[in-house]
Amino acid sequence: KTVSADGISLTSANNAGKAVYGYQLASTTATGDVGTITQRGITVTAATDTKTYDATTSSTGAPTITTGSLASGDSATFSQTFDNKNVGTAKTLTAAGVVSDGNSGNNYAVTFVADNTGVVNQLALAGTITANNKVYDGNNSATIASRNLSGVIGLDDVTYIGGTATFANKNAATGKTVTGTGLGLS
Numbered sequence: 119k120t121v122s123a124d125g126i127s128l129t130s131a132n133n134a135g136k137a138v139y140g141y142q143l144a145s146t147t148a149t150g151d152v153g154t155i156t157q158r159g160i161t162v163t164a165a166t167d168t169k170t171y172d173a174t175t176s177s178t179g180a181p182t183i184t185t186g187s188l189a190s191g192d193s194a195t196f197s198q199t200f201d202n203k204n205v206g207t208a209k210t211l212t213a214a215g216v217v218s219d220g221n222s223g224n225n226y227a228v229t230f231v232a233d234n235t236g237v238v239n240q241l242a243l244a245g246t247i248t249a250n251n252k253v254y255d256g257n258n259s260a261t262i263a264s265r266n267l268s269g270v271i272g273l274d275d276v277t278y279i280g281g282t283a284t285f286a287n288k289n290a291a292t293g294k295t296v297t298g299t300g301l302g303l304s
């Protein structure tokens with residue numbers, strides 16, 4: 119790096135603080151190619167985050183600078199993501215981002231540290247069933263005619279399977295409530 123100096127003057131060890139007689143500077147400025155500016159080191163650590171399954175790896179957690187700091191006037195934008203979208207505990211959260219320093223972030227040596235305490239919880243789905251109509255037969259058993267789920271995200275392929283159904287009672291009537299048990303997801 120080129121180094122520049124202004125306001126240079128002469129002084130003498132024999133005449134501390136006094137002008138040096140017999141000598142004169144050709145210039146009060148100087149330049150040279152001897153300087154080095156090293157990158158400023160910072161460590162950015164992902165934050166723990168817990169979310170409900172949403173079919174994405176997005177995280178609302180905000181990584182923070184845990185070692186070092188930004189120089190005055192510089193700013194940074196950091197974010198993080200889960201390592202995958204699947205439900206589980208001890209999920210890895212990976213931090214990423216950029217520093218705005220007028221030098222494309224090159225004034226910084228950024229070390230990103232992952233967090234392994236993320237949690238993705240199961241998403242609760244709402245389901246309904248309908249039963250086939252039947253002729254009174256002395257019991258409340260029902261045959262499931264259709265199964266419907268609501269809340270499935272995007273292109274996820276989830277179906278309602280298994281189980282049995284019963285009418286609210288064995289008596290003949292219209293608009294009877296049907297209850298399913300042992301239903302599952304696939």
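Converting from the sequence shown to the numbering used here requires adding 118 to each position, the first position being numbered 1. Even glycine gets a Cβ: it sits at the ideal position worked out from N, Cα and C. Quantities reported herein were computed from a predicted structural model and do not represent experimental measurements.
Using a C-beta cut-off of 8 Å, the segment 193-201 makes no contact with the segment 251-268, since fewer than three inter-stretch Cβ pairs fall below that distance.
Beta-bridge annotation (DSSP): Ile262 is paired with Ala249. Leu273 sits exposed, since fewer than 16 C-beta atoms from the chains shown fall within 10 Å of its C-beta. Rounded to whole angstroms, the separation of the alpha carbons of Thr182 and Asp124 is 39 Å. Secondary structure of Ser268 (DSSP, three-state): strand. Taking a C-beta distance under 7 Å as the contact criterion, Ala286 and Thr299 do not qualify as a contact pair. In the three-state DSSP reduction, Ile155 falls in the coil class, being neither helix nor strand. For Val238, the enclosing beta strand (DSSP E) begins and ends at 233-239. Around Asn234, the same chain offers Ala208, Thr210 as residues with beta carbons nearer than 7 Å, after the five sequence neighbours per side are excluded. Closest in C-alpha terms to Thr282, from the list Ile247, Leu188, Ala291, comes Ile247.
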